[in-house]
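The structure appears right after this line, and notes come after that.
Protein chains: 2
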Amino acid sequence: MSAASPIPFSTVTELTELAPGCFAAQLSDRWTIAGKPNGGYLLALLGKAAVSLDTHPHVIAASAHYLRSPEPGPVTVNVEVLRGGRSASQLRAWMAQDGRPCVEALITTSVLDADVEPYWDCGLPEPGTGAHEHAVRIPSVNPMGTPIAIMDQVELRIDPATLGFASGRPSGAGLLRGWLSLPAAEPFDPVSLLYAVDAFPPATFDIELTGWVPTLELTAYVRALPAPGPVRVLHRAQLVSGQLVDETCYVWDCAGRLVAQGTQLAAIRLG
Amino acid sequence: MSAASPIPFSTVTELTELAPGCFAAQLSDRWTIAGKPNGGYLLALLGKAAVSLDTHPHVIAASAHYLRSPEPGPVTVNVEVLRGGRSASQLRAWMAQDGRPCVEALITTSVLDADVEPYWDCGLPEPGTGAHEHAVRIPSVNPMGTPIAIMDQVELRIDPATLGFASGRPSGAGLLRGWLSLPAAEPFDPVSLLYAVDAFPPATFDIELTGWVPTLELTAYVRALPAPGPVRVLHRAQLVSGQLVDETCYVWDCAGRLVAQGTQLAAIRLG
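Sequences listed follow chains A and B, in order.
Here our numbering is used: the first residue of the first sequence is 1, the next is one more, and so on.
Here our numbering is used: the first residue of the second sequence is 272, the next is one more, and so on.
Structure, rendered in structure tokens:
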């Protein structure tokens, strides 16, 4: 298998049960950015562990606080039911490497109805109209020469209208639009949507190119079961202040339904 | 003291240390909505316990998952440092009543610089221009006759332009604007801002009046130290689907600086 051969998401999120609520996992060295596993990938592993406990089948809300970035390789994932309810359950999940905690999350699970129609919305951004085939695939080396191995795994395409950052001409709007597909076109589910809300480059690249923008906190809501196919993503920054930025992310399935939302607080050196 | 006498926020969030990281608190029966303590008030208690551990002085991010609603009265609050870092620390805090967990939160603490100027923002809603004195104070009984005791404690004023719900004429925009003050004009701080992001009535009241809209998950980011005085609040719903709604909340100090943001997922019976 060449370095760039895609490994399915279901493979890089495999969990081996060691004891009730305790799992072993292997963080893939290919699902990395500058050698570090993507934060949404880590949250998806915690979400997968949570739904494996059979409280309810779908993650509907997950909030992660990132303690330290693990290296690719073996980790343990623990998950504990805080309350098992009729319509929703809450769980705590955490990942450790070499006995050191890396990320902890609180997760609410429930049942998402495949047939539900949205009742009301207002103020959501437009998903955009750019076609998948016109969007530009992000390569696995960024404009600053940093290896982004994960881009050989997923297919992340950016709408040309928001691609200025890649040629050193950020628009200043702090907004990226595009598409995301898992390797081998594996359909998204509520667990992989936890990755999708953190998959895009920092929206701040459309303000100014910087080094790594490490996530401190990431909250994801999964709002519907996605139709198969690539998802549309809008990722935008809101406020940069005191070397922190908050970013919001919206994910629509290819039928145009909002399926996930993310909000994160990240550290950044700007200004 | 009459039933309506305001009790300071610092009093209703008093913590008595029982052991390292373990505190007793009394949930006030006046900081309630239909007899149940407000969810942001509970998160503020967890945040206060977190900063009392002296890792860093300010909560900058807090994510709570609500397990069951406690009654007014005694609770215990536990807090544990997950990682104490140089620039930020992460903690886990939880509240229990009669030995049953009620709410658990992950909290990141750091230092907010009083003098920092925002570097960049885009897409933030406007704070609005409605004057404090023209906004209408919300009474402690809602239009459906439900007692909202907390409204005799805080001063929550709604801009007349978004007050249609109170007379049975919601605008359909799912948006409320107004002002919030703590009892006796106590200045806000990062801990009480955790309450502020959940203080307003459900933004869905501006779509359709319903019963209680219980919060499942609440994430708050504190972005700056607030100037003394009332804060401006914009609280809006985004998507109602499958009997869940997500709401976002923006809080500005009276100098016009965005000091806190909240996002929540709540259960609702609409449609």
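The beta-carbon is built from N, C-alpha and C at its ideal position, and this holds for glycine as well.
Item checked: Runs of alpha helix (DSSP H) lying entirely within the segment 438-506 of chain B, each at least 4 residues, in chain order -> 461-467
Runs of beta strand (DSSP E) wholly within the segment 6-93 of chain A (minimum 3 residues, chain order)
Runs of the beta strand (DSSP E) lying entirely within the segment 6-93 of chain A and spanning at least 3 residues, in chain order: 16-19, 22-27, 58-66 and 73-84.
Exercise. What does ASP517 (chain B) touch in chain A if you count any residue whose Cβ is under 7 Å from its own?
Worked result: Sequence index remark: in the second sequence, residue 517 (chain B) carries index 246 (1-based). The contacting residues are TYR221 and GLN261.
query = Are the CB atoms of TYR337 (chain B) and GLY355 (chain B) nearer to each other than 8 Å?
reply = As a first step, residue 337 (chain B) must be located in the second sequence, where it is residue number 66. As a first step, residue 355 (chain B) must be located in the second sequence, where it is residue number 84. No, the pair does not count as a contact, with Cβ atoms beyond the cut-off.
- Task: Pair every Cβ in the segment 251-270 of chain A with every Cβ in the segment 300-316 of chain B, then say whether three or more of these pairs are closer than 8 Å.
- Result: no
Check your understanding: Is it true that the CB of ARG428 (chain B) sits closer than 8 Å to the CB of ARG408 (chain B)?
Key -> For this step, residue 408 (chain B) is matched to residue 137 along the second sequence. For this step, residue 428 (chain B) is matched to residue 157 along the second sequence. Result yes, Cβ atoms of ARG408 (chain B) and ARG428 (chain B) sit closer than 8 Å.
Roughly how many angstroms lie between the CA atoms of GLU247 (chain A) and ALA237 (chain A), to the nearest whole one? Indexing the first sequence from 1 puts residue 247 (chain A) at position 247. Indexing the first sequence from 1 puts residue 237 (chain A) at position 237. Whole-angstrom Cα-Cα distance: 4 Å.
Note to self: Using beta carbons (cut-off 8 Å, strictly below), is THR433 (chain B) in contact with chain A?
What the structure shows: Taking the first residue of the second sequence as 1, we reach residue 433 (chain B) at position 162. Not an interface residue.
Check your understanding: Given a threshold of 16 other Cβ atoms within 10 Å of its Cβ, counted over all protein chains shown, does GLY262 (chain A) qualify as buried or as exposed?
Key -> Numbered from 1 along the first sequence, position 262 holds the residue referred to as residue 262 (chain A). The residue in question, GLY262 (chain A), is buried, as its Cβ has 16 or more Cβ neighbours within 10 Å.
task: Examine the Cβ distances between the segment 367-379 of chain B and the segment 320-338 of chain B and report whether three or more of them are shorter than 8 Å.
output: Judged by Cβ distances under 8 Å, the segment 367-379 of chain B makes contact with the segment 320-338 of chain B, as three or more pairs qualify.
*Helix, strand or coil at LEU265 (chain A) according to DSSP, with G and I counted as helix*: Counting from one through the first sequence, the residue named residue 265 (chain A) turns up at place 265. LEU265 (chain A) sits in a strand when the DSSP states are folded into three classes.
Quiz item: Going along chain A, which residues have a C-beta under 8 Å from VAL511 (chain B)?
Solution: For the purposes of this step, residue 511 (chain B) is taken as the residue at position 240 of the second sequence. Within chain A, the C-beta atoms nearer than 8 Å to that of VAL511 (chain B) come from PRO118, TYR119, TRP120 and ASP121, in chain order.
The beta strand (DSSP E) spanning ASP246 (chain A) covers which residue range?
-> Taking the first residue of the first sequence as 1, we reach residue 246 (chain A) at position 246. Membership of ASP246 (chain A) in the beta strand (DSSP E) is indicated by the continuous run 244-252.
Note to self: For the segment 176-192 of chain A against the segment 390-408 of chain B, do three or more pairs of beta-carbon atoms, one drawn from each stretch, fall closer than 8 Å, so that the two count as touching?
What the structure shows: No: the two stretches stay apart, fewer than three of their Cβ pairs being nearer than 8 Å.
Name the chain B residues whose beta carbon is nearer than 8 Å to that of PHE101 (chain A)? As a first step, residue 101 (chain A) is located in the first sequence; it is residue number 101 there, counting from the start. Here residue 101 (chain A) is Pro; the residue named in the question, Phe, does not match the sequence. In chain order: LEU353 and ARG354.
Specify, as a first and last residue, the run of the beta strand (DSSP E) that GLU388 (chain B) falls within.
Start at 1 with the first residue of the second sequence, and residue 388 (chain B) comes out as number 117. Neither: GLU388 (chain B) is in no beta strand (DSSP E) and is coded neither H nor E.
ask   = Roughly how many whole angstroms lie between the Cα atoms of SER87 (chain A) and GLY513 (chain B)?
value = Here residue 87 (chain A) refers to the residue found at position 87 when the first sequence is read from its first residue. Here residue 513 (chain B) refers to the residue found at position 242 when the second sequence is read from its first residue. Whole-angstrom Cα-Cα distance: 12 Å.
State the DSSP-derived secondary structure class of THR379 (chain B), mapped to helix, strand or coil.
-> Here residue 379 (chain B) corresponds to residue number 108 of the second sequence, with the count starting at 1. Three-state DSSP puts THR379 (chain B) in a strand.
Q.
Suppose you measure from the CA of PHE200 (chain A) to the CA of LEU216 (chain A); what does that come to, to the nearest Å?
A. For the purposes of this step, residue 200 (chain A) is taken as residue 200 along the first sequence, with counting starting at 1. For the purposes of this step, residue 216 (chain A) is taken as residue 216 along the first sequence, with counting starting at 1. The straight-line gap from Cα to Cα measures roughly 16 Å.
inquiry  = Taking 8 Å as the threshold (C-beta atoms), are LEU106 (chain A) and VAL75 (chain A) in contact?
reply    = By 1-based counting over the first sequence, the position of residue 75 (chain A) is 75. By 1-based counting over the first sequence, the position of residue 106 (chain A) is 106. Cβ atoms of VAL75 (chain A) and LEU106 (chain A): not closer than 8 Å.
**Asked** Among residues of its own chain, excluding the 5 on either side of ILE7 (chain A), which ones have a beta-carbon nearer than 7 Å to its beta-carbon?
**Response** Counting from one through the first sequence, the residue named residue 7 (chain A) turns up at place 7. Closer than 7 Å at the Cβ level, and outside the excluded window around ILE7 (chain A), lie SER28, ARG30, GLN153 and PRO183.
State yes or no: is the C-beta of CYS525 (chain B) within less than 8 Å of the C-beta of ALA498 (chain B)?
If you number the second sequence from 1, residue 525 (chain B) lands on position 254. If you number the second sequence from 1, residue 498 (chain B) lands on position 227. Taking 8 Å as the Cβ cut-off, CYS525 (chain B) and ALA498 (chain B) qualify as a contacting pair.
Can you list, in chain order, the residues of its chain with a C-beta nearer than 7 Å to that of HIS132 (chain A)? Leave out the 5 residues immediately preceding and following it. The count along the first sequence starts at 1 and reaches residue 132 (chain A) at position 132. Once the five neighbours on either side are set aside, the close Cβ partners of HIS132 (chain A) are ARG157, TRP179 and PRO230.
(Q) For a contact defined as C-beta to C-beta under 9 Å, what are the partners of ARG68 (chain A) on chain B? (A) On the first sequence, residue 68 (chain A) is found 68 positions in, with the first residue counted as 1. The contact set of ARG68 (chain A) on chain B, defined by CB atoms closer than 9 Å, consists of ARG354 and GLY356 in chain order.
Q | Interface flag, ASP113 (chain A) vs chain B, CB-CB below 8 Å | A | For the purposes of this step, residue 113 (chain A) is identified with residue 113 of the first sequence, where counting begins at 1. Judged by the 8 Å Cβ criterion, ASP113 (chain A) is in contact with chain B.
Under three-state DSSP, which class holds PRO372 (chain B)?
Numbered from its first residue, the second sequence carries residue 372 (chain B) at position 101. DSSP places PRO372 (chain B) in strand when its eight states are reduced to three.
Start and end residues, beta strand (DSSP E) containing ILE158 (chain A) | By one-based count along the first sequence, residue 158 (chain A) stands at place 158. ILE158 (chain A) -> beta strand (DSSP E) spans 155-158.
Discussion item. Among the candidates B:VAL511, B:GLU388, B:LEU465 and B:ASP325, whose CA atom is the shortest distance from the CA of VAL522 (chain B)?
Written reply: Position 251 of the second sequence, counted from the start, is the residue given in the question as residue 522 (chain B). For VAL522 (chain B), the nearest C-alpha among the options comes from B:LEU465.
Checking contacts by CB at 8 Å: is VAL251 (chain A) closer than that to chain B? Sequence index remark: in the first sequence, residue 251 (chain A) carries index 251 (1-based). So, not an interface residue.
Self-check item: Partners in chain D for ALA508 (chain B), counting only beta-carbon separations shorter than 9 Å
Solution: No chain D appears in this structure, whose protein chains are A and B.
Could you name the residues that DSSP lists as bridge partners for SER241 (chain A)? Looking up residue 241 (chain A) in the first sequence gives position 241. Its beta-bridge partners are A:LEU244.
*What residues in its chain sit with their C-beta under 6 Å from that of HIS327 (chain B), if we drop five residues either side in the sequence?*
Sequence index remark: in the second sequence, residue 327 (chain B) carries index 56 (1-based). The beta carbon of HIS327 (chain B) sits closer than 6 Å to the beta carbons of SER360, THR380, SER381 and VAL382 from its chain, once the five residues preceding and following it are set aside; these are given in chain order.
| task | Taking 8 Å as the cut-off, decide whether the C-beta atoms of ALA315 (chain B) and LEU286 (chain B) are in contact. | result | Counting from one through the second sequence, the residue named residue 315 (chain B) turns up at place 44. Counting from one through the second sequence, the residue named residue 286 (chain B) turns up at place 15. Note that the C-beta distance between ALA315 (chain B) and LEU286 (chain B) is not below 8 Å.
Point to revise | When B:ALA420, B:SER323 and B:HIS506 are compared against VAL352 (chain B), the one with the closest alpha-carbon | key: The residue given as residue 352 (chain B) occupies position 81 in the second sequence. Of the candidates B:ALA420, B:SER323 and B:HIS506, the one whose C-alpha sits nearest the C-alpha of VAL352 (chain B) is B:SER323.
**Nearest-angstrom beta carbon gap, THR481 (chain B) and THR475 (chain B) [assumed within contact, 8 Å]** = Position 204 of the second sequence holds residue 475 (chain B). Position 210 of the second sequence holds residue 481 (chain B). Taking a contact as a CB-CB distance under 8 Å, the pair THR475 (chain B) and THR481 (chain B) counts as one, their CB atoms being some 7 Å apart.
(message) Does the CB of LEU265 (chain A) have a neighbour CB from chain B at under 8 Å?
(response) As a working note, residue 265 (chain A) is residue 265 in the first sequence. At least one chain B Cβ lies under 8 Å of LEU265 (chain A).
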